[in-house]
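K.L.:
Okay, handing you the structure first.
Protein chains: 2
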Amino acid sequence: MNKTHYRTHTCGELNKSCIGKSVILAGWLDSLRIQGKIGFLSLRDRYGVTQFFLNPKLAKKFENLKKESVLQIKGKVNARPDKQVNKDMSTGEVEVEASEIVVLNESEPLPLDFEHASEETRLTYRYLDLRQPDMQNNLMVRHKLVKAVRDFLSDYNFVEIETPILSKSTPEGARDYLVPSRVHKGKFYALPQSPQQYKQLLMVAGFDRYFQIARCFRDEDLRADRQPEFTQLDMEMSFFQEEDVYSLIEKLMKFVWKKVLNVDIKVPFPRLTYAEAMKKYKRDNPDLRKKKDEYAFVWVTGFPLLEFNDEDNRYYALHHPFTSPVAEDLDLLETNPDKVRAHAYDLVLNGTEIGGGSIRMHRGDWQQRVFKALGMSETEYKAKFMHMLEAFKYGAPPHGGIAFGLDRIAAIITGNESIREVIAFPKTKNAESLMENSPSEVDKEQLDELGLRIK
Amino acid sequence: MNKTHYRTHTCGELNKSCIGKSVILAGWLDSLRIQGKIGFLSLRDRYGVTQFFLNPKLAKKFENLKKESVLQIKGKVNARPDKQVNKDMSTGEVEVEASEIVVLNESEPLPLDFEHASEETRLTYRYLDLRQPDMQNNLMVRHKLVKAVRDFLSDYNFVEIETPILSKSTPEGARDYLVPSRVHKGKFYALPQSPQQYKQLLMVAGFDRYFQIARCFRDEDLRADRQPEFTQLDMEMSFFQEEDVYSLIEKLMKFVWKKVLNVDIKVPFPRLTYAEAMKKYKRDNPDLRKKKDEYAFVWVTGFPLLEFNDEDNRYYALHHPFTSPVAEDLDLLETNPDKVRAHAYDLVLNGTEIGGGSIRMHRGDWQQRVFKALGMSETEYKAKFMHMLEAFKYGAPPHGGIAFGLDRIAAIITGNESIREVIAFPKTKNAESLMENSPSEVDKEQLDELGLRIK
């Protein structure tokens, strides 16, 4: 299945059963040792490393080959002498006696030394950085993680649905990235901070169980481990109560951890109320690990709906403005907003919040009361959210959901501190791409077309 | 697995084996017939429709229930009398004798009549439009299509890798959407027209086989069936020649058509050179169907590399500037550019180009000659593509790829003319969202932060 017109096998494929075969391999020159007149060459690809024996003629001809050159090598598979068998390599029982070497692309000396490269250098030459075994593994594990999530959710009747990236500006929290419209000069799309409204509208549309591996955007002043764009496992379910969310997500996590790490995690996860967590751990994302190398999940529940901000003297939604209050607290919205509890929950893993969600309001009258409690005038919330209030009129089912920071989960699973290690082409803290040099200046004509001027 | 705290079964689940059981269902009121004192009620969800029998008390109490209200109904499963068995319904052998009806959310009368609604109205109330069985089916089939693609490619050692949406402006062809940077005032990101450069860099990074279900963006004046954002099945493979692409893609299509439509398509697909297609069919996307309901695939190959544009008196890349010329035509680049053939190919299905790709240049010197043939100065192409030329220095493998219009494939598979029918929340021809009203005006403060002024 890996055979192409360039190769018969990959560099991770040959073993004892291939002895005597003629093979063609292609890959990168990993190392070359000339020992007297003969030579040993290691060829590398994503699948592994294969050792080649070079006869005196080939050793002489290619003695100056640069590392990381791309080669195609023909040869015959031999058993390695017992003493030279390398049990740590999948191909360690054989070596290939090279008969012909074709240089497909010669490499210049690499512009960086990975062991001592700064992150800046690594990001500038990201395409080389990604050749490192750790980086290869990080992206492979991420692929497996996402595949496991998709397989599980598809089996549980979830439908994956793509929602727009060219979206509408939302009023709360972090800043939106804006996209000027050429056709409607002076107007803007916004890149979504999450597909929140779309997924709720999909519940109104009767899709019942939705998910998406969704790209989300926030133009924040970057803290240590934030990215201007990040990936969310976004889910929404109809006819769900809090307990249904807990039970489904525990099954999902159990499946994923088994599939990707072959680790059995214990479910159900323990739970803490927000009040308990703050009292006992002084934080809402406690680290409950008792020993190293453990995966300690905990649900944090019972969050307040609103949070007062002294600076601008108003309430903010602790999760987001679509979170449902607990029914019996509803009348406190106008009299004692601090006391209103929310049907909101976070999933915390080893002291990191990996996901959060809530049961939503599916009634327009409740939604309007919350908008008002957030200090929005009727004119304001209707301008922003008329479509949501309208949608709630025509048979919106009870629904709830959750979203997980996929980059964070991938980082934890691969044992990395930074999400930049599990993103193929990340931005710096300054929201720049050092590799391709973006953001960058654009032509005056482009701005003219958009009806914009730089101040 | 569909059981939640709101329901024991879905509306598509009950059959003879459930007779005698007490059940709770939740869904939308599809129809209500009062016959004398009793009533028959149909409850609908994504999974199907279940008929309920209402005794005189319930019939009286709920006789004015509005269609599309969300209900939870408890009852007991009975066999239908033989005469009333409905073979067309998965639940047609049973009915549920209702004992209690809870109105979870009462609907107002729907603001549209689907049979006569204009597309404008349908898009304004997209969350209701999506309740229609055809639309539900379209998005379900799209989910299955994408799942089949992912399963196949994962089995073939492809790695799914996400590439940035906040990207760099590219010079060729259609217009980029720009995203102003707040941190770097006066500079812009661009939304990608395709992940072309990133996927080639992933080949340089040694990932060998990459794919992505990638969102792409083009700010074109919209023709009939274009969308400002669309979805591409994007693939790139190392150590591939043209024949390797054909063979892999034929296997992929065969798998997908079997899985999604249970249709056996014949491979290998026929091939036509561009010249043959133009001569015989006067088009490069001929419709080779001999009978209706057939799927007629054809590869179109042997495209010229460049195309002269009389208006601005210069050459353009027929595919894109990274397409590899046929080696023996290379020296025609400077003398007779029209004659240079490309390693480019399109896959055409029933007269629609569903995908196109090429073997790429992996050598910087060739790439620079093509940039020059496209009329770019060295300063210009280095400003735009330095990272690509740099990457080609350090062991870029021979590679090639292809990209498919996933929206188009989904439309063909579901028998729709328009891709808007297979996109959950599409934009109009005018690039507007009528549902949420975007693009929209933004606050002056937001523009100030971006250092922009509207002219």
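Sequence order for the protein chains is W and E.
The opening residue of the first sequence carries number 1 in my numbering; numbering runs sequentially from there.
The opening residue of the second sequence carries number 1001 in my numbering; numbering runs sequentially from there.
Using N, Cα and C, we set each Cβ at its ideal position, and we do this for glycine too.
1) Rounded to whole angstroms, what is the Cα-Cα separation between Gln367 (chain W) and Lys279 (chain W)?
2) In the DSSP output, what is Gln1212 (chain E) paired with across the bridge?
3) Can you tell me where the alpha helix (DSSP H) holding Tyr381 (chain W) begins and where it ends?
4) For Ser1167 (chain E) and Arg218 (chain W), I'd like the C-alpha separation in whole angstroms.
5) Can you check whether the C-beta of Phe1114 (chain E) is within less than 8 Å of a C-beta belonging to chain W?
6) Chain E partners of Val85 (chain W), CB-CB under 9 Å?
7) Check whether the Cβ atoms of Phe1269 (chain E) and Pro439 (chain W) sit closer than 8 Å, and answer yes or no.
8) Just by C-beta distance, which residues in the stretch 369–393 of chain W are closer than 7 Å to chain E?
9) Measuring only between beta-carbons, confirm whether Tyr198 (chain W) sits less than 8 Å from chain E.
10) What's the C-alpha gap between Lys1372 (chain E) and Glu1378 (chain E)?
11) Can you tell me which of the three DSSP states Phe255 (chain W) falls into?
12) Taking CB distances under 8 Å as the criterion, tell me whether Arg271 (chain W) reaches chain E.
13) What does DSSP give as the partner residues of Arg35 (chain W) in its beta bridges?
14) Would the beta-carbon of Val1096 (chain E) fall within 8 Å of that of Ala1079 (chain E)?
15) In angstroms, rounded to a whole number, what distance separates the CA positions of Arg175 (chain W) and Ile249 (chain W)?
16) Within the same chain, show all residues whose beta-carbon is closer than 6 Å to that of Gly1012 (chain E), passing over the 5 residues directly before and after it, in chain order.
17) Closest by CA to His5 (chain W), which one among E:Phe1240, E:Lys1147 and E:Lys1199?
18) Which partner residues does Thr1301 (chain E) have in the DSSP bridge list?
19) Below 7 Å between beta carbons is the criterion; list the residues of the stretch 117–129 of chain W that meet it against any residue of chain E, in chain order.
20) Examine the ligand NAP and report whether any of its heavy atoms sits within less than 7 Å of the Cβ of Met140 (chain W).
21) Would Ile419 (chain W) pass as a contact of Ala431 (chain W) if the rule is Cβ separation under 8 Å?
22) Skipping 5 residues on each side, what residues in its chain have a beta carbon closer than 8 Å to that of Gly39 (chain W)?
23) As an exercise, report each continuous beta strand (DSSP E) stretch of at least 3 residues that is fully enclosed by the stretch 37–68 of chain W, in chain order.
24) Kindly indicate the opening and closing residues of the beta strand (DSSP E) around Arg1314 (chain E).
25) Is it the case that the Cβ atoms of Ile1265 (chain E) and Leu1202 (chain E) are separated by a distance below 8 Å?
26) Restricting to Cα atoms, I'd like to know which of E:Lys1087, E:Pro1286, E:Val1085 and E:Leu1112 is closest to Glu390 (chain W).
27) Starting from Pro439 (chain W), find everything on chain E with Cβ-Cβ shorter than 7 Å and list it in chain order.
28) Give the DSSP bridge partners of Ala1026 (chain E), in chain order.
29) On the criterion of 16 or more Cβ atoms from any shown chain inside 10 Å, does Phe1425 (chain E) qualify as buried, or is it exposed?
30) Which first and last residues belong to the beta strand (DSSP E) in which Asn309 (chain W) is found?
31) With 16 as the cutoff for other CB atoms within 10 Å, does Gly1400 (chain E) come out buried or exposed?
32) Given that Phe1207 (chain E) touches chain A, what residues does it touch there, using C-beta distances under 8 Å?
33) Since Ile454 (chain W) meets chain E, which of its residues come closer than 7 Å, beta carbon to beta carbon?
34) In the DSSP assignment, find the unbroken beta strand (DSSP E) run with Phe188 (chain W) in it and report its ends.
35) So with Cβ pairs under 8 Å, would you call Asp219 (chain W) a contact of chain E?
36) In whole angstroms, what is the alpha-carbon distance linking Pro192 (chain W) and Ser169 (chain W)?
P.N.:
Taking the definition as stated:
1) 31 Å
2) E:Asp1234
3) Glu378 to Ala391
4) 15 Å
5) Taking Cβ atoms only, chain W never reaches closer than 8 Å to Phe1114 (chain E), which makes this a no.
6) Chain E residues near Val85 (chain W): none, gap ~26 Å exceeds 9 Å.
7) no
8) His387, Ala391 and Lys393
9) So, interface residue.
10) 7 Å
11) helix
12) no
13) It should be pointed out that residue 35 (chain W) corresponds to Gln in this sequence rather than to Arg. DSSP output for Gln35 (chain W) lists W:Ile38 as bridge partner(s).
14) no
15) 30 Å
16) Tyr1047, Gly1048 and Ser1090
17) E:Phe1240
18) Its beta-bridge partners are E:Thr1273 and E:Tyr1345.
19) Tyr127 and Leu128
20) The ligand NAP is absent from the structure shown, which contains no ligands of any kind.
21) no
22) Leu32, Arg33, Phe53, Leu54, Leu58, Ala59, Phe62 and Glu63
23) Within the stretch 37–68 of chain W, the runs of beta strand (DSSP E) that reach at least 3 residues and sit entirely inside it are, in chain order, 38–45 and 48–54.
24) Arg1314 to Ala1317
25) no
26) Measuring from the Cα of Glu390 (chain W), the nearest candidate turns out to be E:Leu1112.
27) Ser1181, His1184, Lys1187, Phe1188 and Tyr1189
28) E:Gln1072
29) Classification of Phe1425 (chain E): buried, given that the 10 Å Cβ count is 16 or more.
30) Unbroken beta strand (DSSP E) run through Asn309 (chain W): Leu306 to Asn309.
31) Its Cβ being crowded by 16 or more others within 10 Å, Gly1400 (chain E) is buried.
32) This model lacks chain A altogether; the protein chains it does include are W and E.
33) Gly1186, Gly1451 and Leu1452
34) Phe188 to Ala190
35) yes
36) Rounded to whole angstroms, Pro192 (chain W) and Ser169 (chain W) show a C-alpha spacing of 8 Å.
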